[in-house]
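These notes are about the structure you will find just below.
2 protein chains.
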Amino acid sequence: MPVRNATEDDLDEICAMVKELADFEESGDEVDLDPEDLRRHVFGPDPAAHVLIAHPAGDPGTVAGMALWFRTYSTWVGRPGVWLEDLFVRPAHRRAGLARELLDALAARTDGRVEWAVLDWNRGAIDFYDGLGAKPVEGWTRYRWLPGSAG
Amino acid sequence: MPVRNATEDDLDEICAMVKELADFEESGDEVDLDPEDLRRHVFGPDPAAHVLIAHPAGDPGTVAGMALWFRTYSTWVGRPGVWLEDLFVRPAHRRAGLARELLDALAARTDGRVEWAVLDWNRGAIDFYDGLGAKPVEGWTRYRWLPGSAG
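As given, the protein sequences belong to chains A and B, one line each in that order. Counting in this note's numbering, the first sequence runs from 1142 upward without gaps. Counting in this note's numbering, the second sequence runs from 1142 upward without gaps.
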């Protein structure tokens, strides 16, 4: 299997890929990630997030991509699901099925929903998600609040 | 304080409010929630979600509303946040500030983002969120995948 759970030895590669993905999303300067914070939040005693690492087939020494995810819960479905926060395959390793391998590995971790958000201009990703059978969530608007930012 | 963490004694009220909220959202028939599953997922050893309960001022024997939430994680912010899955105040207890009390109690549980989704036609809720200083997340589309639902 080219996908495995990350270990603390992957910390530098994970941080690098967070930045590479944010740069691709034209938001590199919005990343405010301290590696020691990531270590605590992913590899500490009460992890807030989890990471899957993808390798090229037959090359376990090379990190080709990752999926960073956390558990969700839906009262309608009545069970936990998965939120895919970051899905990234490095450019040199694309078109080899690794994004699908990462998503299938995530799917194996829940019997609920798998959800994520995609940038509206990221046509390549949207075509891939549509091909999976994933559906855009319509009729709802996501809101974000940084408490203290206004009254 | 009219807001407290839920206990197992609140299970029936929580299930009732999940249904009341879904009915308000015209989706009551989409709810597939087993109370024993909810007990395990909220009050078990590794909770997937958490619940805050609101009472009317001076009336701790009456359940007026709730916030059901779970922890999130953002690689850009670099720390955990909160997803508010269900926010509900029963009709008889509205316009008394309880939704704001619930949101403030949630905000006290994170130094990251507080996020949620609102139905586009729920004008009353949207006005309330705008008044808080919360912002719609624009430029991203949420996707949902029920693995196995398509190839």
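Glycine is no exception: its CB is placed at the ideal position from the N, C-alpha and C atoms.
A contact is defined here as three or more CB-CB pairs under 8 Å, and the region 1228 to 1238 of chain A meets this definition with respect to the region 1157 to 1169 of chain A.
Contact between the region 1151 to 1162 of chain B and the region 1255 to 1270 of chain A is absent, with fewer than three C-beta pairs closer than 8 Å. Check the Cα spacing between residue 1210 of chain B and each of B:1276, B:1200, B:1198, B:1182: the tightest is with B:1182. The C-beta of residue 1264 of chain A comes no closer than 8 Å to any C-beta of chain B.
Sequence-distant partners of residue 1251 of chain B (beyond 5 residues in either direction) whose C-beta falls short of 7 Å from its own C-beta, in its chain, are 1221, 1222, 1223. Non-local C-beta neighbours of residue 1240 of chain B in its own chain, meaning closer than 6 Å and more than five positions away in sequence, comprise 1230, ordered along the chain. For the region 1240 to 1259 of chain B, the residues whose beta carbon sits under 7 Å from a beta carbon of chain A are, in order, 1248, 1254, 1255, 1256, 1257, 1258, 1259.
Counting only residues of its own chain and dropping the five nearest sequence neighbours on each side, residue 1260 of chain A has a CB closer than 8 Å to the CB of 1166, 1266. A direct Cα-Cα distance of roughly 16 Å separates residue 1213 of chain A from residue 1180 of chain B.
With fewer than 16 other Cβ atoms from the protein chains shown falling within 10 Å of its own Cβ, residue 1279 of chain B counts as exposed. Look at residue 1171 of chain A: its C-beta is under 8 Å from a C-beta on chain B. Residue 1277 of chain B belongs to the set of residues whose beta carbon lies under 8 Å from a beta carbon in chain A. Only residues of its own chain outside the window of five on either side were considered, and among them 1144, 1193, 1195, 1206, 1208, 1228 have a CB closer than 7 Å to the CB of residue 1243 of chain B, listed in chain order. Here residue 1153 of chain B has 1176 as same chain residues with Cβ atoms under 8 Å from its own Cβ, once five neighbours each way along the sequence are excluded. When beta bridges are read from the DSSP output, residue 1256 of chain A appears opposite A:1224, B:1285. Note that the C-beta distance between residue 1218 of chain A and residue 1274 of chain A is not below 8 Å.
C-alpha of residue 1236 of chain A to C-alpha of residue 1215 of chain A: approximately 33 Å in a straight line. When the alpha-carbon of residue 1190 of chain A is set against those of A:1170, A:1226, A:1198, A:1204, the nearest one is in A:1226.
The Cβ atoms of residue 1283 of chain A and residue 1277 of chain B lie closer than 8 Å to each other. Contact with chain B is found for residue 1189 of chain A, since one of that chain's Cβ atoms lies less than 8 Å from the residue's Cβ. Those residues of the region 1211 to 1227 of chain B placed with their C-beta closer than 8 Å to a C-beta in chain A are 1211, 1212, 1213, 1214, 1215, 1216, 1217, 1218, 1219, 1220, 1221, 1224, 1226, 1227, ordered along the chain.
Taking CB atoms only, residue 1163 of chain B has a neighbour in chain A less than 8 Å away.
A Cβ of chain B is located within less than 8 Å of the beta carbon of residue 1282 of chain A. Excluding its 5 nearest sequence neighbours in each direction, residue 1146 of chain A has C-beta neighbours in its own chain below 8 Å: 1191, 1192, 1193, 1194, listed in chain order. Sorting B:1248, B:1187, B:1285 by C-alpha distance to the C-alpha of residue 1248 of chain A places B:1285 at the top. Residue 1185 of chain B has its alpha-carbon roughly 25 Å from the corresponding atom of residue 1246 of chain A.
Around the beta carbon of residue 1151 of chain B, 16 or more other beta carbons sit within 10 angstroms, so the residue counts as buried. In the three-state reduction of the DSSP assignment, residue 1145 of chain B falls in the strand class, which pools E and B. The three-state secondary structure of residue 1186 of chain A, taken from DSSP, is coil. By the rule that beta-carbons nearer than 8 Å mark a contact, residue 1151 of chain B does not touch chain A.
Residue contact with chain A for residue 1288 of chain B: present (Cβ-Cβ distance below 8 Å to some residue of chain A).
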